[in-house]
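For our numbering, add 206 to where a residue sits in the sequence shown, where the first one is 1. Structure, as structure tokens:
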Amino acid sequence: MPTTALRRTDARRIIAFIFCCLLCLVLAAAPCWGAPRKKGGHAAPAKKEHKTAAVQAQAVPQIKEWGPYLDVAYELTYWDKNEIKEWREKRDQEIGEPLASYIATWNGKLMSGQKGEQPQLFRDRDYLRLAIAQTVDYLQSDAPESLAAAAKTMESLKGKASMPEIAYWSGMVKALQALERDDAEDFVTQVYGIWNGSILYIEKNEIATGATSGSVPTNTPFYYRNLINLVVNRAIIARKLDGLNALGPLFVMMNDRNLGEKDSEGKYTKTLVQRIVDGLNAPDSDRYRLNFTVAAIESKRLQQVASAKLDAEGMTEGVQKTYERARTYNDLCFKWAAGPRSSGVVMAAVDYLDMTSFAIPRLADNENAASYKFFSTLPDQEGRTALLKSMAIFNDIAPYSAGGWERAGYQSRELYLKSSHRLWRAIMELALWTGDYYLVKLNTTQDSQNIQSYATSMQMALNSYLNFLTAQQGRGFNDVIPDSAYFGAFEASDKVSYAYRKVSEFSTDNGAYNLWFTHRLLSAELFPLSLREVRQTSATLKKDGRYNLYLDYYLPLASRIKQSPAIKKWVGAQRPETATASLAYITAVDKLFAGTATADAPSDTQLIASFQSMREEMQRNPDHPTHNLLKLFYLEEIQKSSNFTKLVKEPNRLDRPF
207 MPTTALRRTD
217 ARRIIAFIFC
227 CLLCLVLAAA
237 PCWGAPRKKG
247 GHAAPAKKEH
257 KTAAVQAQAV
267 PQIKEWGPYL
277 DVAYELTYWD
287 KNEIKEWREK
297 RDQEIGEPLA
307 SYIATWNGKL
317 MSGQKGEQPQ
327 LFRDRDYLRL
337 AIAQTVDYLQ
347 SDAPESLAAA
357 AKTMESLKGK
367 ASMPEIAYWS
377 GMVKALQALE
387 RDDAEDFVTQ
397 VYGIWNGSIL
407 YIEKNEIATG
417 ATSGSVPTNT
427 PFYYRNLINL
437 VVNRAIIARK
447 LDGLNALGPL
457 FVMMNDRNLG
467 EKDSEGKYTK
477 TLVQRIVDGL
487 NAPDSDRYRL
497 NFTVAAIESK
507 RLQQVASAKL
517 DAEGMTEGVQ
527 KTYERARTYN
537 DLCFKWAAGP
547 RSSGVVMAAV
557 DYLDMTSFAI
567 PRLADNENAA
577 SYKFFSTLPD
587 QEGRTALLKS
597 MAIFNDIAPY
607 SAGGWERAGY
617 QSRELYLKSS
627 HRLWRAIMEL
637 ALWTGDYYLV
647 KLNTTQDSQN
657 IQSYATSMQM
667 ALNSYLNFLT
677 AQQGRGFNDV
687 IPDSAYFGAF
697 EASDKVSYAY
707 RKVSEFSTDN
717 GAYNLWFTHR
727 LLSAELFPLS
737 LREVRQTSAT
747 LKKDGRYNLY
757 LDYYLPLASR
767 IKQSPAIKKW
777 VGAQRPETAT
787 ASLAYITAVD
797 KLFAGTATAD
807 APSDTQLIAS
817 FQSMREEMQR
827 NPDHPTHNLL
837 KLFYLEEIQK
847 SSNFTKLVKE
857 PNRLDRPF
């Protein structure tokens, strides 16, 4: 019999159809900001869409109000200012109402309503959307009045502060206000308030609803990124706010979270968090200090950028600014380190020395560029200051060799020694690169005034290193000095002797000449295998009628090489074939020094070539075993009272008879 009543199955189909229609409408109205990351780690709206998606979007009516966008604003508030500005301008055009107008309109409605002028009641969502809009405006403009307005609007919702979404935005506004006041204590409180009062609840809700299993979208990655950006970029990098070490555990917890980044996006945030966690636990740095760790990461990043740009672009204003920014964060490392001589301070000193050493050889085009003031100071003022500062650090940490290295933050004595050696080598490299810089100038000028000026600058840099090494004698901390320090001293002395030789040509007394010979002899003592330089010295002395100096100082050195206990001990520790070859070399060197080489001995050319090859290998490899031999050989003599040691202390004694 016909009836108008619906069967149960028909009702289910109609309800399902209606639900699907409503779901489609909701999905059509919801904005989607699943944007890729820009180079450099900043998020950006997608510039292009897939063709099919673009076609589908044409059939969907665009949103004509700000509300739905503001509901999910947490998806973009970790972007940088320019990206937020770009997104905002596109939405202004799309919606047909600028965000500023939305803020003005709703501020008028809600604030006047609070005064009783309008009895109309408004939803808590209206207040929250206005506060979010004001916060977005602040993040894009840094206008303090927008942040103050957001705080005032959020005050209307303080009775609902236990709601995770409201707790998040309330905490975000208060944290930003703390940044404006440079109030580190309140900032830390607000950040942990966001974590404990909002994000952890959002996490639990997503777990309960299956979001973490992938059945529904997860929003927590955006909250994580916002918190990371707030602490790292806004508080430490931009504001340089001190006193945030208590937030270190937050990043340890964050390291285990899914930050929602795809491989195609570069995983910038994940990499940053991992580096911070690694830095907080680094065994040879200042551990558990968030401020120091972030400054060190940023300094290192900018150093790498500056070095790459300097090689690619040459000297430009942009490269100079990058170098200056790198130095700013390097200075913050010193400020935020655990102590004036902590392991972190040593690391920061090495980083700056290395950065300066990289730049100095690339300053050849800088003479006529007055605008590059920072680069102009590197070889002289900046370089000298960096050397003296780093030498003072080394002198203060050297006693830790006898105990106390753990007080500097090192987990083991081996790590302490490794760090000390690295600092020494960085000091040595900067001194040598500075010397090379002035050596090039010295060789490309004929003006006597310039020769004197360049030689003086060169001598100051290289003698500072030689004096630094000499000052370590008698301290009893030889193990903190790397073996390669003595080969570096040979290179420094060799260059200094050349500078004195150039100056002596314009001198009316023997002062510069005596210093030339003294440093030539010192070079031979430090590296007696430099046969080419020995022969050059011999020829110069013969030409100058001073060959007696060769006989008085070089021949005793040749005999000492053959009789040295240090050399005999080293040879005895080698394999038989190596020992035989080494003894043959030592015998040949002895005869070449004396000028009595026999016909069956290796030729000068062969010997010089073989030792030159060793010399280049030692320059490349600070752990070359011959470094240890040269160190032992030099220390064996420098502790005695001999003609050589007396001459080093008083070069002008050459003008007096024995």
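Think of the CB as a built atom: it goes at the ideal place given N, C-alpha and C, for glycine as much as any other residue.
{"Item": "Span separating the alpha-carbon of Q346 from that of G524", "Value": "24 Å"}
{"Item": "For R335, the first and last residue of its enclosing alpha helix (DSSP H)", "Value": "D330 to S347"}
{"Item": "Assigned exposure category for I413 - 16 Cβ within 10 Å defines buried", "Value": "exposed"}
{"Item": "Closest by C-alpha distance to L385, when choosing among W630, L638, A357 and L436", "Value": "L436"}
{"Item": "Whether M553 touches S607 by CB criterion (9 Å)", "Value": "no"}
{"Item": "Cβ-based neighbour list, S690, same chain, cut-off 7 Å, excluding 5 preceding and 5 following", "Value": "R631, P828 and H833"}
{"Item": "T258 classed as buried or exposed, judged by whether at least 16 other C-beta atoms fall within 10 angstroms", "Value": "Unreliable placement is indicated for T258, whose pLDDT of 31 sits below 50; no coordinate value is reported for it."}
{"Item": "Residue from A349, F328 and T359 with nearest C-alpha to I338", "Value": "T359"}
{"Item": "Cβ-based neighbour list, D388, same chain, cut-off 8 Å, excluding 5 preceding and 5 following", "Value": "R445 and L447"}
{"Item": "Enclosing alpha helix (DSSP H) for V479 [first to last residue]", "Value": "Y474 to L486"}
{"Item": "Every unbroken alpha helix (DSSP H) within the segment 571-629, with a cutoff of 4 residues, ordered by chain", "Value": "579-583 and 589-603"}
{"Item": "Reference T534, options S819, V500, R547 and L569, closest by Cα", "Value": "V500"}
{"Item": "Contact the segment 364-383 vs the segment 398-407: 3+ CB pairs below 8 Å", "Value": "yes"}
{"Item": "Rounded distance between the beta-carbons of Y374 and I400, thought under 8 Å", "Value": "6 Å"}
{"Item": "Contact check, V551 vs A604, beta carbons under 9 Å", "Value": "no"}
{"Item": "Reference D158, options D602, N858, R628 and Q845, closest by Cα", "Value": "The shown model of the chain, from 207 to 864, leaves out residue 158, and the question about it has no answer."}
{"Item": "C-alpha gap between I411 and N461, whole angstroms", "Value": "Sequence check: residue 411 is Asn here, not Ile. So the two alpha carbons sit approximately 20 Å from each other."}
{"Item": "Between the CA atoms of Y756 and N720 - distance to the nearest angstrom", "Value": "13 Å"}
{"Item": "Environment of T424 [buried if 16+ CB atoms lie within 10 Å]", "Value": "buried"}
{"Item": "Local conformation of E711 per DSSP, three classes", "Value": "coil"}
{"Item": "Pairwise C-alpha distance: L728 and L675", "Value": "13 Å"}
{"Item": "Test: A390 CB closer than 9 Å to a CB of chain B", "Value": "The question asks about chain B, but that chain is absent: this structure has only one protein chain."}
{"Item": "Where the alpha helix (DSSP H) through L447 begins and ends", "Value": "Counting along the chain, L447 falls outside any alpha helix (DSSP H), and DSSP gives it neither H nor E."}
{"Item": "Option nearest S548 by Cα separation, candidates K527, S848 and R493", "Value": "R493"}
{"Item": "Per-residue DSSP class, three states only, for Q652", "Value": "coil"}
{"Item": "Under 9 Å between C-beta atoms of L629 and A555", "Value": "yes"}
{"Item": "Secondary structure of P370, DSSP reduced to three states", "Value": "helix"}
{"Item": "Straight-line gap, R335 to F393 (C-alpha atoms, nearest Å)", "Value": "23 Å"}
{"Item": "Terminal residues of the alpha helix (DSSP H) in which V511 lies", "Value": "L496 to E519"}
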